[in-house]
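Residue numbers for the sequence shown follow the working numbering, so the first one is 238 and each next one is one higher.
Backbone N, C-alpha and C fix where the C-beta goes; we use that ideal spot for every residue, glycine too.
Input: a single structure, listed below in structure tokens.
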Amino acid sequence: MLKDYLLYHKALKEAADTMAFDEIRMRRELFLVLLTAQTIIDDRESDGHPIPHFTASELYHSMVYLQVNVQKSVIYNNILKLEKQGLVEKVVPKKKIGRASKYVLTYLGEYCITHLNSTYSRIKKDNYRFSEERSWI
238 MLKDYLLYHK ALKEAADTMA FDEIRMRREL FLVLLTAQTI IDDRESDGHP
288 IPHFTASELY HSMVYLQVNV QKSVIYNNIL KLEKQGLVEK VVPKKKIGRA
338 SKYVLTYLGE YCITHLNSTY SRIKKDNYRF SEERSWI
């Protein structure tokens, strides 16, 4: 389990370093925010929501659940950075006090998630020990 955890952080670093688009500057922190947003959207899709989206407060609460120590202002700044880079799109803007803005991932954001998953699978394959064979006997 610890090895998978370390390999995933290595994949986060390599995916951030090897982005195919020069105008997107990704850090591990932004990849983590994007990955958490994708998890929220996947949960909404499995529940059958017509427009799967996420809000900043849901993102904050899920990161607290994952025991990532971030402040709310950092979450808002990261969402703003992702929105400026074109990875996140605002679907419903904030109109009244108490109504949160709702965001969805763009195609570029989904590409970043796919890039991270492919990097993780490549790193996991590279670090697999083929000499350890298990027998079914």
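(message) For a quick check, are the C-beta atoms of K327 and Y313 less than 9 Å apart?
(response) Here residue 327 refers to the residue found at position 90 of the sequence shown. Here residue 313 refers to the residue found at position 76 of the sequence shown. In this structure, Y313 does not lie closer than 9 Å to K327 by Cβ.
(message) Just to confirm my understanding: we take N364, look at its own chain, exclude 5 residues before and 5 after, and list those with CB closer than 7 Å. What are they?
(response) Taking the sequence shown and counting its residues from 1, one reaches residue 364 at position 127. Contacts found: L244.
(request) Please decide whether K339 counts as near chain C, where near means a Cβ-Cβ distance under 9 Å. (result) Checking the listed chains, one finds no chain C in this structure; it contains a single protein chain.
(message) Does the contact criterion of 3 or more C-beta pairs under 8 Å hold for the region 265-276 versus the region 305-323?
(response) yes
(request) Name the residue from R359, L324, A274, S355 whose alpha carbon lies nearest to the alpha carbon of T343. (result) By 1-based counting over the sequence shown, the position of residue 343 is 106. The shortest C-alpha separation from T343 is found at L324.
(request) Jot down the residue ranges of each uninterrupted beta strand (DSSP E) in the region 313-348, minimum 3 residues, whole runs only, in chain order. (result) 325-329, 339-342
(message) Taking the alpha helix (DSSP H) that Q308 belongs to, which residues open and close that run?
(response) Locating residue 308 in the sequence shown gives position 71, counting from the first residue. It is not in any alpha helix (DSSP H) - Q308 carries neither H nor E in the DSSP assignment.
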